[in-house]
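Asks: If you're matching positions, the sequence shown starts at 10 in the working numbering and goes up one per residue. Pasting a structure below so you can have a look.
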Amino acid sequence: MGVGRELRPQFPIFASFPEPLHYLDNAATGQICAAAAEALWEFETAARANVKRGVYRLADQASAAFEAARSTMASYIGAPAPDEVVFTSGATSALNIAAHGLAERLSPGDEILVSVLEHHSNIVPWQLAAKARQAVVKAIPVTDDGRLDLDRLGGVLTDRTRVVSLTHVSNVTGAVTDLARLRAAADDVGAILVVDGAQRAPHGPIDVKAIGADLYAFSAHKMFGATGAGVLWGRSAILDAFPPLLGGGEMIREVSFAGTTFAAPPHRFEAGTPPIGPVLAMAAAAEWLMAQDWSALAAHEARLTGRLLDGLGSLPGVRILGPTGLQQRLGVVAFEVDGVHAHDVCQLVDQLAGVALRGGHHCCQPLMERFDTIATARASLAPYNDDDDIDALIDGLERTIEMLQ
Ligand code: PMP
């Protein structure tokens, strides 16, 4: 336990990187925690066998560890049953399984409601599903401070809305979605609620039941696990009705040329050899996250976010895209520097101050268009960030602005 700098010994990158690293690109990927790195190494070097098929002890142990990881992930998100946890390669593949599965229910003219805040992985799979079923994708507009404009929900939610799919936390503005209100709205029209939890998963245990989600997607690499794993959670009644997205080994009940039958969820959606090491590392990361003091970490993140917002607000020509207060937001802050391209901002703050920031459209082109821009810089926080990172960023930006403006 601990916050900020106290946690850095538990993240190997900080000892391995040859110079001070002010890592503020956590929304793109978090650094792996030692517990997850050790679980990955341990599996690959001391316990490696394929899962769900072998009968020898090593294979049996690998299968048992894999299923134990399913239970751990179910605990992390408050899922009623481990079998509702589908292992995927990440949030993107989870959302594709969801969209492909829900497409079955769509008739021509039905509507899928997303929002202008969404990451492309919560837009494009729905566009593909809509195209296949002659359905329509609509989007909830966004306010000037980067939140869902729920006053305008009535203009896009209709009695044809079958699916509402929204991000839990924006990867650009940091805004936290009012899911209680959206659950109620989805219920009004009998729609399924899908939640993209990619940016929420690193911020502590989740309760999918309390949220009222029907399906919930996230990636391990953003929650201090390895790359290559993720989860789609779904209520069993919903997953039971989904067709598989990928066909292959280990997802079948019986294969014959007369017709193939499929395994029950979650295996129906886990064709082929799954990312075993990354799944075990994800479970180790979830255990690590569950062992932290989340009231201390949330207070730490809010304090740093406040300092970041104040620091950015004090610089000439800097525009923040998103809420400038601390209510209902996490530590993801996108900003523009007047007259300077986001890529130049990111390169210079790295060269001048050793700060790792993201610059680009953040896979959110509709949101960029909403804010009349094509790219922004973005700083995003993790539990190991501390005042030194914020100071380095503000100092680096000040010098960048002096040089370029
Ligand atoms: N949704 C959101 C909100 C994200 O921030 C991201 C990653 N940037 C994704 C989905 C996709 O995650 P992944 O690339 O790990 O599949």
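Built from N, CA and C at the ideal position, the CB exists for glycine as well. A quick note: this is a predicted structure, and the numbers were derived from the prediction, not measured.
1. Could you check if D205 is buried or exposed, using at least 16 other CB atoms within 10 Å of its CB as the buried criterion?
2. Leaving out the 5 sequence neighbours to the left and right, which residues in its chain are closer than 8 Å to G63 when beta-carbon positions are compared?
3. Out of curiosity, what's the CA-to-CA distance linking V185 and L67?
4. Label G183 either buried or exposed according to how many other C-beta atoms from any shown protein chain fall within 10 Å of its C-beta, with 16 as the threshold for buried.
5. Quick check: the region 21-39 against the region 259-273, are at least 3 beta-carbon pairs closer than 8 Å?
6. Once the 5 residues before and after G405 are set aside, which same chain residues still bring their CB inside 6 Å of it?
7. For a test of your reading of the model: does the CB of D119 fall under 7 Å from any non-hydrogen atom of ligand 1? Yes or no.
8. Taking a cut-off of 5 Å, which residues have a beta-carbon closer than that to any heavy atom of ligand 1, in chain order?
9. May I have the straight-line CA-CA distance separating A343 from C372, to the nearest angstrom?
10. I need the boundaries of the alpha helix (DSSP H) containing T6, first residue and last residue.
11. Going by DSSP, what residue range makes up the beta strand (DSSP E) through F52?
12. Assign G348 to one of two classes, buried (16 or more other C-beta atoms within 10 Å of its C-beta) or exposed (fewer than that).
13. How is D168 classed by DSSP in three states: helix, strand or coil?
14. Where do the ends of the beta strand (DSSP E) carrying A226 lie?
15. May I have the straight-line CA-CA distance separating V172 from L104, to the nearest angstrom?
16. To the nearest angstrom, how far is it from the Cα of A200 to the Cα of D398?
17. Between W242, W50, F278 and F96, which has its C-alpha nearest L254's C-alpha?
18. Just curious, the alpha helix (DSSP H) that D319 is in, first and last residue?
Replies: According to the structure shown:
1. buried
2. D69, A71 and S72
3. Cα to Cα, the separation comes out at about 44 Å.
4. buried
5. Three or more beta-carbon pairs separated by less than 8 Å are not found between the region 259-273 and the region 21-39, which leaves the two stretches without contact.
6. V358, L361, A362 and V364
7. no
8. This selection yields G99, A100, T101, H128, S130, T176, N180, D205, A207, Q208 and S228.
9. The straight-line gap from Cα to Cα measures roughly 13 Å.
10. Not covered by the structure: residue 6. The range shown for the chain is 10 to 414.
11. From DSSP, F52 is part of no beta strand (DSSP E) but of the alpha helix (DSSP H) over A43 to A55.
12. exposed
13. coil
14. Boundaries of the beta strand (DSSP E) harbouring A226: L224 to S228, taken from the DSSP string.
15. 13 Å
16. 43 Å
17. F278
18. W303 to G322
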